[in-house]
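To start, the structure itself, in C-alpha cells.
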Amino acid sequence: MTDRQPRRPRRVQLSTPGSSEKMIQKASESKADHVFLDLEDAVAPSQKRDARKKIVEGLKSLNWTGKTRCVRINDLTTEYAFEDIIEVVEGAGEHLDTIMMTKVLTPADVLFADKLLHQLEKKLKLKRRIGLEALIEEVEGMQNVDAIAKSTPRLECLVFGMGDFSASMGVNNKNVGETEGYPGDIWHYARFRLIMACRAAGIDPVDGPFADFKNPDAYREECTRSMTLGAVGKWAIHPSQIDIALEVFSPKAEDIARARKLEKAYAEAEAKGLGAINVDGIMVDVASIRILRNTILNKADLFGM
Numbered sequence: 003m004t005d006r007q008p009r010r011p012r013r014v015q016l017s018t019p020g021s022s023e024k025m026i027q028k029a030s031e032s033k034a035d036h037v038f039l040d041l042e043d044a045v046a047p048s049q050k051r052d053a054r055k056k057i058v059e060g061l062k063s064l065n066w067t068g069k070t071r072c073v074r075i076n077d078l079t080t081e082y083a084f085e086d087i088i089e090v091v092e093g094a095g096e097h098l099d100t101i102m103m104t105k106v107l108t109p110a111d112v113l114f115a116d117k118l119l120h121q122l123e124k125k126l127k128l129k130r131r132i133g134l135e136a137l138i139e140e141v142e143g144m145q146n147v148d149a150i151a152k153s154t155p156r157l158e159c160l161v162f163g164m165g166d167f168s169a170s171m172g173v174n175n176k177n178v179g180e181t182e183g184y185p186g187d188i189w190h191y192a193r194f195r196l197i198m199a200c201r202a203a204g205i206d207p208v209d210g211p212f213a214d215f216k217n218p219d220a221y222r223e224e225c226t227r228s229m230t231l232g233a234v235g236k237w238a239i240h241p242s243q244i245d246i247a248l249e250v251f252s253p254k255a256e257d258i259a260r261a262r263k264l265e266k267a268y269a270e271a272e273a274k275g276l277g278a279i280n281v282d283g284i285m286v287d288v289a290s291i292r293i294l295r296n297t298i299l300n301k302a303d304l305f306g307m
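In my numbering, the protein residues as written are 3 to 307.
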C-alpha cells in the first residue's frame with residue numbers, strides 16, 4: 003500500500019443523505035466529481051445505524067465511475083463515530099475512497115481515525131489506502147488548522163464548514179454560507195487561513211455549503227470568491243448547484259490554450275538559455291509559468307481537459 007497522496011477531482015462535493023436509497027442512486031448518476039454519503043446532520047439519530055447499511059449497499063451496487071466516493075461520519079463526541087468507520091469500511095471495502103470527519107478540533111481527532119483505518123486495512127487486506135477529509139467547523143479547529151492539515155499523510159482535504167462555524171463564533175447570518183449585511187466577505191479570513199494551511203501541507207482546500215439553493219447567482223459568487231483564494235471546489239447541498247461549481251472551478255478552454263502556448267514558448271526559450279521572454283506583449287518567466295501550472299494546467303490535466 004502506497005503512502006503517495008492520490009489526486010482526486012473535488013470541484014463539487016455533493017451532499018447526499020445516507021438514509022435515502024433514492025438520493026444515493028441520484029447522486030451516483032449526477033455530474034458531481036465527488037459525492038459524500040452523509041451519516042451526520044442529514045440523518046436522524048434513529049436512522050443512523052440503518053443508513054450505514056444503505057450506504058454500503060449503494061457503494062457496492064451502483065456505478066460511481068469518475069467520482070470520489072466518500073462517507074461523512076458523525077463527530078467523535080457521539081456514540082456513532084467509531085462504528086460508522088468500522089461498519090462502512092468492513093462493508094464497502096475497496097468501493098470507498100475517503101472518510102469525511104466532522105467537527106475536527108485537534109490533530110488527535112484525525113489520528114484516531116488514521117489508526118483505526120490502518121487496522122481495518124490490515125484486517126481486510128485492502129490494496130488501496132482509504133483517505134481522510136476533515137471539516138473545520140469549530141473555532142478550536144480553526145485555531146489548530148495548521149497542525150491538523152499536517153497531522154497524517156492519509157489526510158487529503160480540509161473543508162471549511164461555515165454553518166457550525168457561524169454558531170461556534172456567534173456569527174448572526176440568515177442562511178448558511180451567506181454574508182448579508184456585512185461590508186465585504188465575512189468568511190474571507192477563515193477561508194484564507196484554511197486554504198493557506200492546506201497549501202502548506204500539500205492537501206486540497208474545499209469551501210463548504212451554501213443553503214439557499216434557489217439563489218444560483220449568490221452561490222456562483224461564493225464559488226468565485228473561494229476559487230479566487232485557491233480553493234479547489236465547493237459543496238453542493240442540492241443537485242442544482244453542481245453545474246455552477248463545475249463551471250467555476252474548471253479552467254476555461256481559452257485559458258488552457260493560452261497557458262499551453264506560453265508554457266511551450268517558455269520551454270523553447272529556456273532551452274536556448276533565456277530566462278524571460280516576451281509573448282504577445284506579455285513578459286513570461288519561471289514565476290509566471292509556475293502560476294499557470296498551478297492555477298490552470300494542473301487542473302486541466304486532472305479533469306482531462
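Note that CB positions come from ideal geometry on N, CA and C, so glycine has one too.
Tell whether a beta-carbon distance below 8 Å holds between residue i and residue j.
| i | j | result |
| --- | --- | --- |
| L196 | F167 | no |
| V286 | A261 | no |
| E265 | I291 | yes |
| T108 | N146 | yes |
| K50 | L39 | no |
| L126 | R156 | no |
| R13 | L160 | no |
| S242 | P211 | no |
| I205 | E140 | no |
| V112 | T154 | yes |
| A34 | I244 | yes |
Counting C-beta neighbours from all protein chains within 10 Å, is the total for residue i 16 or more, i.e. buried, or is it exposed?
| i | result |
| --- | --- |
| Q15 | buried |
| A238 | buried |
| M25 | buried |
| T100 | buried |
| A259 | exposed |
| I298 | buried |
| Q121 | exposed |
| K236 | buried |
| A115 | buried |
| K301 | buried |
| D86 | buried |
| M144 | buried |
| P19 | buried |
| Y184 | exposed |
Judging by CA-CA distance, which residue of the options is the nearest neighbour of residue i?
| i | options | result |
| --- | --- | --- |
| T67 | P11, R54, E42 | P11 |
| E23 | M144, R295, V45, A110 | V45 |
| L78 | M102, F305, Y191 | M102 |
| E96 | I132, S17, I205, L119 | I132 |
| M164 | P253, E85, V112, K105 | K105 |
| V37 | K56, E59, K69, S48 | K69 |
| A29 | R71, P211, A202, D214 | R71 |
| D209 | F114, D282, V173, F251 | F251 |
| C225 | D187, E81, E92 | D187 |
| K152 | Y221, N300, Q7 | Q7 |
| I150 | A203, M171, F84, E223 | A203 |
| S21 | K55, P185, K33 | K55 |
| K124 | I88, A271, A255, K33 | I88 |
| A255 | M307, Y191, S48 | M307 |
| L294 | D257, I279, A220, Y184 | D257 |
| H190 | K216, E223, E142, A213 | E223 |
| S170 | S48, K216, E142, Y82 | E142 |
Looking only at its chain, what residues have a beta carbon closer than 6 Å to the beta carbon of residue i, apart from the 5 residues adjacent to it on each side?
| i | result |
| --- | --- |
| D148 | A199 |
| G60 | I26 |
| V91 | L122 |
| Y82 | K50, N76 |
Can you give me the C-alpha to C-alpha distance between residue i and residue j, rounded to a whole angstrom?
| i | j | result |
| --- | --- | --- |
| I138 | A289 | 32 Å |
| A53 | R74 | 12 Å |
| D303 | N296 | 11 Å |
| I57 | E135 | 18 Å |
| S17 | A273 | 48 Å |
| F84 | D43 | 17 Å |
| N174 | A271 | 55 Å |
| S32 | L64 | 12 Å |
| F215 | H240 | 6 Å |
| L128 | S48 | 31 Å |
| Y221 | V234 | 15 Å |
| A110 | G172 | 25 Å |
| K117 | K263 | 46 Å |
| D282 | R130 | 47 Å |
Ignore the nearest five residues each way along the sequence and tell me which others in residue i's own chain have a CB closer than 7 Å to its CB.
| i | result |
| --- | --- |
| K62 | A94, H97 |
| S228 | R193, D209, K236 |
| F305 | P11, S252 |
| I279 | A267, Y268, A271, V286 |
When every heavy atom of the ligand HEM is checked, does at least one fall within less than 7 Å of the C-beta of residue i?
| i | result |
| --- | --- |
| R295 | Among the ligands in the structure shown, none appear at all, so the ligand HEM cannot be discussed. |
Tell me which same chain residues have a C-beta within less than 8 Å of the C-beta of residue i, skipping the five on either side of it?
| i | result |
| --- | --- |
| R201 | P207, G232 |
| K9 | This sequence places Arg at residue 9; Lys is not what is there. Here the set comprises L304. |
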